[in-house]
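Residue numbers (my numbering): 38 to 463.
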């Protein structure tokens, strides 16, 4: 606007129309802060200065005293333009809002730190039970191979030992027993850790004994889920092996090439098959423990929660597996390598075999002790995230957390909030 002294200054490029004029613009009058003594009016002589002709009063004094504000008010901020929403309520290991990958990893670490005796203690027991049979089998196998290295002339007899019943038992017996033990203990551990996590979301701690008391009624359903998963995963392998055996019996030496190619294609396809169903049924255990569902119903529930966000769930689970596998390898490789070298160069002694088995078992226990709770924790928090996103479950959690904070403690009834009837969107 004009102040009576000439045309208004040009607005610099890039300035909003709501910005005030540039500071280089000619001023209509000296600026006066509100509350200062009255200024000499225009045209009034001051001291011995010559009389000045009166100036025309300005049409508007944008920066002069009066009720006008020096700068126009800023428009209200909108989300996306510097808007910062208030922080989400966080009574426990996670904020009660939809989660990102960082929230899940941080929440899992907080779960372990908040209840280390229950989480790491149970994980260590489960890892030890699963590692010992495998370590014993590997120790006997390393002892046999070490004897062949120390006495090359006995290599042929050692090769015969490896293919004998004793050798087969040493190679595969420990692995089979380890997988059977792992099937049992990891299933139980997953249920217990899921129950501990369900309480930790609200900031409550739970002992291993209390968690076991709450979970033991759901053990049959947990084994049902794991059994159905085993059937889904093993049936294609069994069918393919039988097919390859049948084709090999009737194939000539020239047909071995395309049989090998068929095997490679099957391996690639089976990896995709495994990852697909592993992702689809990732929340079945949580649905059994926290929602009280049966095996089939829990698998349907998991399939429904993953629908619409499959690739995100798949990516988070895959990245978590890679991370924990890397850390577990760093923890276990030194002990496994030391046990292998010790057994190879000290073969033929019962004491050496025992030490080798102990070192390998320690390495396997350390790696699995970290892997089990971390994978279970991320899967449980991812389950909570999917319910927040698809069912507005964060509103339920926030309401319950506010009431618990008002009471000053986390009641055991918080476990019932995970039932699907409490979802904001049924």
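We treat Cβ as the ideally placed atom computed from N, Cα and C, and that holds for glycine.
Every value quoted in this text rests on a predicted model; they were computed, and no experiment measured them.
Tell me the DSSP secondary structure of residue i in three-state form.
i: residue 244; result: coil
i: residue 124; result: coil
i: residue 131; result: coil
i: residue 108; result: Its pLDDT being 42, under 50, residue 108 is placed unreliably in this model, and the value from its coordinates should be taken loosely. Looking at residue 108 - three-state DSSP - the assignment turns out to be coil, as it is neither helix nor strand.
i: residue 289; result: coil
i: residue 446; result: coil
i: residue 317; result: helix
i: residue 424; result: helix
i: residue 330; result: coil
i: residue 177; result: helix
i: residue 369; result: helix
i: residue 220; result: helix
i: residue 136; result: coil
i: residue 143; result: helix
i: residue 238; result: coil
i: residue 452; result: helix
i: residue 168; result: helix
i: residue 457; result: helix
i: residue 264; result: helix
i: residue 431; result: helix
i: residue 386; result: coil
i: residue 417; result: helix
i: residue 160; result: helix
i: residue 345; result: coil
What does a CB cutoff of less than 6 Å around residue i pick up in its chain, not counting 5 residues either side in sequence?
i: residue 484; result: What is shown of the chain runs 38 to 463, which leaves residue 484 out entirely.
i: residue 411; result: 145, 361
i: residue 327; result: 235, 455
i: residue 258; result: 325, 331, 332
i: residue 52; result: Low local confidence applies: a pLDDT of 44 at residue 52 is under 50, so the model's placement there is unreliable, and no value is given.
i: residue 70; result: Here the model assigns residue 70 a pLDDT of 46, short of 50, so the residue's position is not dependable, and the following value carries that caveat. Closer than 6 Å at Cβ, skipping near neighbours: no residue.
i: residue 431; result: 133, 134, 425
i: residue 165; result: 402
i: residue 61; result: Here the model assigns residue 61 a pLDDT of 45, short of 50, so the residue's position is not dependable and the matter cannot be decided.
i: residue 420; result: 320, 323
i: residue 125; result: 132, 133, 134
i: residue 413; result: 227, 230
i: residue 382; result: none
Which same chain residues end up closer than 8 Å to residue i when comparing Cβ atoms and leaving out the 5 residues on each side of it in sequence?
i: residue 366; result: 404
i: residue 370; result: 400
i: residue 274; result: 307
i: residue 355; result: 312
Can you tell me the Cβ-Cβ gap for residue i and residue j, rounded? I've got them flagged as a contact below 8 Å.
i: residue 452; j: residue 129; result: Not a contact, Cβ separation roughly 13 Å.
i: residue 212; j: residue 167; result: Residue 212 to residue 167, Cβ: 11 Å. No contact.
i: residue 296; j: residue 284; result: 6 Å
i: residue 138; j: residue 353; result: 6 Å
Is the beta carbon of residue i sitting closer than 8 Å to the one on residue j?
i: residue 363; j: residue 407; result: no
i: residue 140; j: residue 131; result: yes
i: residue 133; j: residue 127; result: yes
i: residue 340; j: residue 315; result: no
i: residue 232; j: residue 263; result: no
i: residue 255; j: residue 342; result: no
i: residue 245; j: residue 229; result: yes
i: residue 241; j: residue 415; result: no
i: residue 10; j: residue 182; result: This structure gives no information on residue 10, because the portion of the chain shown stretches from 38 to 463.
i: residue 449; j: residue 239; result: no
i: residue 151; j: residue 237; result: yes
i: residue 222; j: residue 163; result: yes
i: residue 260; j: residue 300; result: no
i: residue 351; j: residue 312; result: yes
i: residue 218; j: residue 153; result: no
CB-CB under 7 Å to residue i, same chain, minus the five flanking residues each way: which ones, in chain order?
i: residue 160; result: 226, 406, 409, 410
i: residue 147; result: 130
i: residue 377; result: 179
i: residue 176; result: 380, 390, 393, 394, 397
i: residue 158; result: 245
i: residue 156; result: 148, 149, 230, 233, 410
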